[in-house]
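A short write-up of the structure that comes next.
See the structure below:
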């Protein structure tokens, strides 16, 4: 009996070490890619690959940071992450509020995600809503913040955010909705695009939504206060 218990304990130890080793290798895999994306634009994100299975054509063109209207940069910060230039990638106050809401409802209702967290999800993760995925998202977020400056983070976010069914990035969004280049977006157009971000496919089909209109006005009011990196 003692020998069997020792063998079982050894097996359990080996399995635990293998599990931990696998997790560490996975984090290293993410970190190496983040280092690469600091200077090279991805050809495709995990989220784009997932959507490519559902749509016939993916419309996407990455453009230089200077080719994206400063109005859109302000608008996205106003709509999605007003403390983007102040936090370390994770807005703990927003997460606490989200956790309280999720506990009250008994399921994941709100994520409290920052721009960096959304970028982490878009680049590497699935659309699954679970605490395990949120934990992995948090780790990737901290890696991104450690490696990239705020300008690069915002640049990648704007170039790879979803803005409609098969529509990705500021350049294609500007063309799809307004027939202009990303650099030519007006304040109102930028605010409207930013207001769509939580549910872009829905608002692509319901462009006359009253909520979208009111949210656009909200974004417009906050845009002048945003400090763009």
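Residue numbers (our numbering): 7 to 235.
Ideal Cβ placement from N, Cα and C applies to all residues, glycine included.
Per-residue DSSP class, three states only, for residue 9: No answer about residue 9 holds up, because its pLDDT of 49 lies below 50 and its placement is not dependable.
Rounded straight-line distance, which links the Cα of residue 20 to that of residue 186: 58 Å
Residue range of the alpha helix (DSSP H) that includes residue 143: 137-153
Three or more C-beta pairs below 8 Å linking the segment 150-157 and the segment 197-215: no
Whole-Å CB distance - residue 128 paired with residue 47, under 8 Å assumed: About 13 Å separates the two Cβ atoms, so there is no contact after all.
Straight-line gap, residue 131 to residue 36 (C-alpha atoms, nearest Å): 11 Å
Assigned secondary structure, residue 186 (DSSP; H/G/I helix, E/B strand, else coil): coil
DSSP state of residue 173 mapped onto helix, strand, coil: strand
Beta-carbon contacts of residue 238 that lie in its chain and below 6 Å, excluding the five residues immediately before and after: Missing from the structure shown is residue 238; the chain here goes from 7 to 235 and no further.
Buried or exposed (CB count within 10 angstroms, at least 16 for buried), residue 75: buried
Where residue 86 sits in the DSSP three-state scheme: helix
Residue range of the alpha helix (DSSP H) that includes residue 225: 216-228
Residue 225 and residue 81 closer than 8 Å at C-beta: yes
Alpha-carbon spacing of residue 24 relative to residue 18, whole angstroms: 10 Å
Pairwise C-alpha distance: residue 85 and residue 193: 13 Å
Nearest-angstrom Cα separation, counted from residue 204 out to residue 33: 28 Å
Nearest to residue 65 (by Cα), restricted to the options 190, 178, 189: 178
Buried versus exposed, by CB contacts within 10 Å (16 or more), residue 138: exposed
Three-state secondary structure (DSSP) of residue 65: strand
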